[in-house]
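To convert a position in the sequence shown, counted from 1, into our numbering, add 25. Built from N, CA and C at the ideal position, the CB exists for glycine as well. These numbers come from a predicted model, not from an experiment. Let me begin by presenting the structure, written as structure tokens, before commenting on it.
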Amino acid sequence: MTTTVWVLGDQLNRSISSLADRQPGDCRVLFVESTSKIESKRWHVQRLHLVLSAMEHFAAELRAEGFDVDYRRATTLSQGLMAHVDAFDVETVVAMEPMSYDGRAMLERHGVQLTRNNQFTCHYDDFASWTEGRKSFKMEDFYRWQRTRLDVFMDGKTPVGGKWNYDHDNRERPPKDGRSWPEFTAFELDDIDRAVLDRMPGTWGREPQGWWPVTRSQALQRLDEFVERALDPFGPHEDAMLGEEWKLAHSTLSASLNLGLLHPQEVVDRAEAAFHDGAAAINSVEGFIRQVIGWREYVWCVYWLWMPEYRTKNGLGADKPVPPAFTGEASTELACVAGTVSHVHDYGYAHHIERLMVLGNLALTAGVDPLAMTNWMWASFVDGAEWVMLPNVVGMAMHADGGMMATKPYASGGAYINKMSNYCKGCRFDPKKRTGDDACPYTTLYWDFLARNEDAFRSNHRMGQQLAGMRRLANLEEVRERAADVRSKLFAGEL
Ligand SMILES: Cc1cc2nc3c(=O)[nH]c(=O)nc-3n(C[C@H](O)[C@H](O)[C@H](O)COP(=O)(O)OP(=O)(O)OC[C@H]3O[C@@H](n4cnc5c(N)ncnc54)[C@H](O)[C@@H]3O)c2cc1C
Ligand code: SF4
Numbered sequence: 026m027t028t029t030v031w032v033l034g035d036q037l038n039r040s041i042s043s044l045a046d047r048q049p050g051d052c053r054v055l056f057v058e059s060t061s062k063i064e065s066k067r068w069h070v071q072r073l074h075l076v077l078s079a080m081e082h083f084a085a086e087l088r089a090e091g092f093d094v095d096y097r098r099a100t101t102l103s104q105g106l107m108a109h110v111d112a113f114d115v116e117t118v119v120a121m122e123p124m125s126y127d128g129r130a131m132l133e134r135h136g137v138q139l140t141r142n143n144q145f146t147c148h149y150d151d152f153a154s155w156t157e158g159r160k161s162f163k164m165e166d167f168y169r170w171q172r173t174r175l176d177v178f179m180d181g182k183t184p185v186g187g188k189w190n191y192d193h194d195n196r197e198r199p200p201k202d203g204r205s206w207p208e209f210t211a212f213e214l215d216d217i218d219r220a221v222l223d224r225m226p227g228t229w230g231r232e233p234q235g236w237w238p239v240t241r242s243q244a245l246q247r248l249d250e251f252v253e254r255a256l257d258p259f260g261p262h263e264d265a266m267l268g269e270e271w272k273l274a275h276s277t278l279s280a281s282l283n284l285g286l287l288h289p290q291e292v293v294d295r296a297e298a299a300f301h302d303g304a305a306a307i308n309s310v311e312g313f314i315r316q317v318i319g320w321r322e323y324v325w326c327v328y329w330l331w332m333p334e335y336r337t338k339n340g341l342g343a344d345k346p347v348p349p350a351f352t353g354e355a356s357t358e359l360a361c362v363a364g365t366v367s368h369v370h371d372y373g374y375a376h377h378i379e380r381l382m383v384l385g386n387l388a389l390t391a392g393v394d395p396l397a398m399t400n401w402m403w404a405s406f407v408d409g410a411e412w413v414m415l416p417n418v419v420g421m422a423m424h425a426d427g428g429m430m431a432t433k434p435y436a437s438g439g440a441y442i443n444k445m446s447n448y449c450k451g452c453r454f455d456p457k458k459r460t461g462d463d464a465c466p467y468t469t470l471y472w473d474f475l476a477r478n479e480d481a482f483r484s485n486h487r488m489g490q491q492l493a494g495m496r497r498l499a500n501l502e503e504v505r506e507r508a509a510d511v512r513s514k515l516f517a518g519e520l
């Protein structure tokens with residue numbers, strides 16, 4: 026056994042290209058847990074626990090299959106590899122192409138043989154070829170290309186139902202009838218889970234309650250439960266927010282997908298089958314498939330296309346720290362922030378709109394440094410990883426890339442949150458007001474953001490209406506004074 030297959034912590038699947046054709050006896054399997062990585066961030070306890078526990082579970086599954094597994098703890102991944110090579114008679118180390126840019130560079134430095142990453146439906150090299158010769162490569166065009174070439178939810182050459190996009194049906198306001206939402210199984214913690222928890226360093230957040238699948242079989246069960254119980258209502262309530270309900274009908278599958286426990290192809294296949302079985306409506310199925318083989322894969326591919334420069338983009342020169350109201354270091358009177366942060370604290374999760382329109386929007390309009398925001402979210406969410414955080418935070422939420430991801434910033438006042446959530450009802454601020462002690466901080470900061478960045482957006486024709494609205498404000502000076510006060514209180518943890 027002179028060959029080692031190195032399985033990285035987010036490649037936890039027997040079908041990864043480096044392992045798929047291997048049998049016990051023809052290679053040794055290496056896992057490395059890096060203590061410097063563990064100590065590099067203030068991780069949410071559920072996030073750190075999930076990754077370490079899932080690694081240990083997969084190592085145990087491979088051992089049970091008969092593989093010789095070397096599970097190491099080392100200061101860095103490099104040191105773990107070198108210690109492994111010293112300890113055994115190793116001629117070749119093989120690994121699947123990693124998820125991160127720096128990870129890839131490190132493996133190349135060590136001469137590790139890389140196999141092609143098969144954890145997505147689109148490899149970034151294929152995406153790069155697709156972009157060649159195109160003036161723009163919008164997500165919508167990519168998504169249609171994906172649907173067609175993968176033959177997902179297609180009727181020959183046309184999309185099932187005749188339309189590519191059902192977003193129009195997927196923007197319902199939150200229901201006011203106090204209904205109950207789909208429930209998923211929380212998995213009982215086993216011996217591995219408990220042992221991992223016992224050796225966790227200082228973290229924050231609510232201790233693991235078994236919400237996040239740590240094995241493939243748990244992840245498959247979550248997929249079943251989502252398709253059976255939540256896929257049908259997923260679409261209409263995709264954008265709605267409810268303070269008392271952390272996930273509504275969202276799938277909660279991102280963590281399992283990002284660790285490799287599930288493959289996106291099997292996930293969309295299940296959604297498509299549910300439509301053909303009459304178990305889920307077309308708008309929900311199309312909306313879900315769009316997220317998985319559209320947005321998720323687009324984000325993955327642009328990360329590789331734009332790295333490493335993308336990491337330091339800060340087109341709007343934002344330089345403020347992450348507000349203490351987000352990190353839990355201060356309480357907050359902003360009901361939407363308090364609700365979203367409580368979801369993050371309790372589950373290491375907030376759904377897409379809470380991430381984008383509550384946390385991202387406030388960070389954008391208050392001028393938070395995009396990299397600081399990326400790092401905080403990466404450490405705080407169970408599904409965080411650099412490849413998915415950078416385009417979503419730096420590009421989508423913070424508009425720090427000058428419009429490479431989104432042609433206009435996702436900035437809005439309190440009106441959007443008031444329309445799509447029940448947060449404002451219980452808040453001491455008024456979403457309609459932009460000045461005065463009870464003015465909604467989102468509304469105040471929104472106008473100030475437009476005024477502050479007028480030059481940056483002047484040539485963006487999609488921002489024309491918003492800028493004209495800002496210029497028409499009779500009390501802009503007063504708004505900007507209040508915005509300065511809001512920003513200073515927000516960063517001092519007094520709002
Ligand atoms: C500021 C910000 C930060 C984000 N950070 C992350 C992150 O660290 N990790 C992460 O996986 N997603 C991230 N997202 C994308 C998205 O919010 C999450 O994937 C989603 O909320 C996860 O919950 P879910 O599994 O219940 O998703 P659902 O709403 O059920 O959606 C289904 C699946 O679609 C995929 N998906 C949908 N949108 C995106 C997207 N924009 N990028 C990538 N995948 C997407 C996810 O895999 C998700 O599981 C972020 C979005 C924003 C705006
Ligand atoms: S009024 Fe403003 S701060 Fe309060 S919940 Fe609504 S959007 Fe959030």
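Assuming Thr460 and Val418 form a contact by the criterion Cβ under 8 Å, report the distance between their Cβ atoms to the nearest whole angstrom.
Numbered from its first residue, the sequence shown carries residue 460 at position 435. Numbered from its first residue, the sequence shown carries residue 418 at position 393. Not really, about 30 Å apart at Cβ, beyond 8 Å.
Go through the residues and name those whose CB comes closer than 6 Å to any heavy atom of ligand 2, in chain order.
Qualifying residues come out as Leu359, Ala360, Cys361, Gly439, Ile442, Asn443, Tyr448, Cys449, Cys452, Phe454, Pro456, Cys465, Pro466, Tyr467.
Compare the C-alpha of Asn195 against each of Ser103, Met445, Leu389 and name the closest.
Taking the first residue of the sequence shown as 1, we reach residue 195 at position 170. Ranking Ser103, Met445, Leu389 by Cα distance to Asn195 puts Met445 first.
Residue range of the alpha helix (DSSP H) that Gln491 falls in?
The residue labelled residue 491 in the question sits at position 466 within the sequence shown. Start and end: 489-497.
Can you determine whether any heavy atom of ligand 1 sits closer than 7 Å to the C-beta of Arg254, and answer yes or no?
By one-based count along the sequence shown, residue 254 stands at place 229. No, the Cβ of Arg254 stays beyond 7 Å of every heavy atom of ligand 1.
By Cβ distance, which residues of its chain are closer than 7 Å to Met131, with the 5 residues on each side in sequence left out?
Here residue 131 refers to the residue found at position 106 of the sequence shown. Leu102, Ser103, listed in sequence order.
On the criterion of 16 or more Cβ atoms from any shown chain inside 10 Å, does Asn500 qualify as buried, or is it exposed?
For the purposes of this step, residue 500 is taken as residue 475 along the sequence shown, with counting starting at 1. The residue in question, Asn500, is exposed, as its Cβ has fewer than 16 Cβ neighbours within 10 Å.
Could you say which of Leu389, Met430, Val292 lies nearest to Gln316 if we only look at CA atoms?
Looking up residue 316 in the sequence shown gives position 291. Measuring from the Cα of Gln316, the nearest candidate turns out to be Val292.
So if DSSP puts Arg97 in a beta bridge, which residue, or which two residues, is it bridged to?
The residue given as residue 97 occupies position 72 in the sequence shown. BP columns for Arg97 point to Val57.
Does DSSP classify Met121 as helix, strand or coil?
Locating residue 121 in the sequence shown gives position 96, where the first residue counts as 1. In the structure shown, Met121 sits in a strand (DSSP, three-state: E or B).
From Ala476, Glu506, Arg507, Glu502, pick the residue whose C-alpha is nearest to that of Ala493; which is it?
Against the sequence shown, residue 493 aligns to sequence position 468. Among Ala476, Glu506, Arg507, Glu502, the Cα nearest to that of Ala493 is on Ala476.
Taking only beta-carbon positions, decide if Asp264 is within less than 8 Å of chain B.
The chain inventory of the structure shown lacks chain B, comprising one protein chain alone.
Three-state secondary structure (DSSP) at Ser103?
As a first step, residue 103 must be located in the sequence shown, where it is residue number 78. It is helical.
Take the Cβ of Lys272 as the centre, count every other Cβ of all protein chains shown within 10 Å, and call the residue buried at 16 or more, exposed below.
Counting from one through the sequence shown, the residue named residue 272 turns up at place 247. Counting Cβ neighbours within 10 Å, Lys272 comes out buried, since at least 16 surround it.
What's the gap between the Cα of Ser70 and the Cα of Glu232?
Position 45 of the sequence shown holds residue 70. Position 207 of the sequence shown holds residue 232. According to the sequence displayed, residue 70 carries Val and not Ser. Going from the Cα of Val70 to the Cα of Glu232 covers about 6 Å.
CB Cys452 to CB Leu341, shorter than 8 Å?
Taking the first residue of the sequence shown as position 1, residue 452 is located at position 427. Taking the first residue of the sequence shown as position 1, residue 341 is located at position 316. For Cys452 and Leu341, no; Cβs fall outside 8 Å.
What does DSSP give as the partner residue(s) for Ser446 in the beta ladder?
Counting from 1 along the sequence shown, the entry for residue 446 is found at position 421. Paired residues: Met266.
Enumerated in chain order, which unbroken segments of the beta strand (DSSP E) with a length of 3 residues or greater are wholly contained in the stretch 242-323?
List check, beta strand (DSSP E) in window: nothing returned.
Relative to ligand 1, is the shortest distance from any of its heavy atoms to the C-beta of Phe92 smaller than 7 Å?
For the purposes of this step, residue 92 is taken as residue 67 along the sequence shown, with counting starting at 1. No; taking the cut-off as 7 Å, the Cβ of Phe92 has no heavy atom of ligand 1 nearer than that.
Could you check whether the stretch 228-244 touches the stretch 363-373, counting it as contact only if at least three pairs of C-beta atoms, one from each stretch, sit closer than 8 Å?
The stretch 228-244 is in contact with the stretch 363-373.
Between Ala306 and the rest of its own chain, which residues show a CB-CB distance below 7 Å, the 5 nearest in sequence each way excluded?
One-based indexing of the sequence shown puts residue 306 at position 281. Answer for Ala306: Asp257, Gly260, listed in chain order.
What do you get for Arg321, buried or exposed, if any count of 16 or more other CB atoms within 10 angstroms of its CB means buried?
Within the sequence shown, the letter at position 296 stands for residue 321. By the 10 Å Cβ count, Arg321 comes out buried.
Is Asn283 near ligand 1, with its Cβ less than 7 Å from a heavy atom?
By one-based count along the sequence shown, residue 283 stands at place 258. Asn283 Cβ: within cutoff of ligand 1.
Contact check, Leu139 vs Ala153 under 8 Å by CB: the rounded distance?
Position 114 of the sequence shown holds residue 139. Position 128 of the sequence shown holds residue 153. With a Cβ gap of about 17 Å, Leu139 and Ala153 do not count as contacting.
Report the residue from Ala481, Arg336, Ser276 whose alpha carbon sits nearest the alpha carbon of Glu253.
Numbered from 1 along the sequence shown, position 228 holds the residue referred to as residue 253. Looking at the Cα atoms, Ser276 is the closest of the given residues.
Cβ of Gly409 versus every heavy atom of ligand 1: is any distance shorter than 7 Å?
Along the sequence shown, read from residue 1 onward, the residue named residue 409 stands at position 384. Yes, since a heavy atom of ligand 1 falls inside the 7 Å radius drawn around the Cβ of Gly409.
Looking at the unbroken alpha helix (DSSP H) that takes in Leu37, where does it start and where does it end?
Translated into the one-based positions of the sequence shown, residue 37 becomes position 12. Per DSSP, Leu37 belongs to no alpha helix (DSSP H) and is neither H nor E.
Report the residue from Gln144, Gly203, Met107, Leu515 whose alpha carbon sits nearest the alpha carbon of Ser43.
The count along the sequence shown starts at 1 and reaches residue 43 at position 18. Ranking Gln144, Gly203, Met107, Leu515 by Cα distance to Ser43 puts Gln144 first.
Could you pull the start and end residues of the beta strand (DSSP E) that Leu139 belongs to?
Reading the sequence shown from its first residue, position 114 is the one you call residue 139. It spans 138-140 - the beta strand (DSSP E) in which Leu139 sits, taken as one unbroken run.
If you follow the beta strand (DSSP E) that Trp31 is part of, which residue opens it and which one closes it?
Translated into the one-based positions of the sequence shown, residue 31 becomes position 6. Taken as a continuous stretch (DSSP letters only), the beta strand (DSSP E) holding Trp31 covers 28-31.
Does the Cβ of Met107 have 16 or more other Cβ atoms within 10 Å, making it buried, or fewer, making it exposed?
Numbered from its first residue, the sequence shown carries residue 107 at position 82. Exposed, because fewer than 16 other Cβ atoms sit within 10 Å of the Cβ of Met107.
Is there at least one non-hydrogen atom of ligand 1 closer than 7 Å to the beta-carbon of Val369?
In the sequence shown, residue 369 corresponds to position 344, counting from 1. Outside the cutoff, so no.
Kindly indicate which three-state DSSP category Trp331 falls into: helix, strand or coil?
The count along the sequence shown starts at 1 and reaches residue 331 at position 306. It is helical.
Fully enclosed by the stretch 411-460, which alpha helix (DSSP H) runs are 4 residues long or longer?
Within the stretch 411-460, the complete alpha helix (DSSP H) runs of at least 4 residues are 411-414, 439-445.
Have a look at Arg295, Met266, Ala410 and flag the residue whose alpha-carbon is nearest the alpha-carbon of Arg198.
Along the sequence shown, read from residue 1 onward, the residue named residue 198 stands at position 173. Per the Cα distances, Met266.
Report the partner residues of Trp229 according to the DSSP bridge assignment.
Looking up residue 229 in the sequence shown gives position 204. The partner list for Trp229 (beta bridge, DSSP) reads His69.
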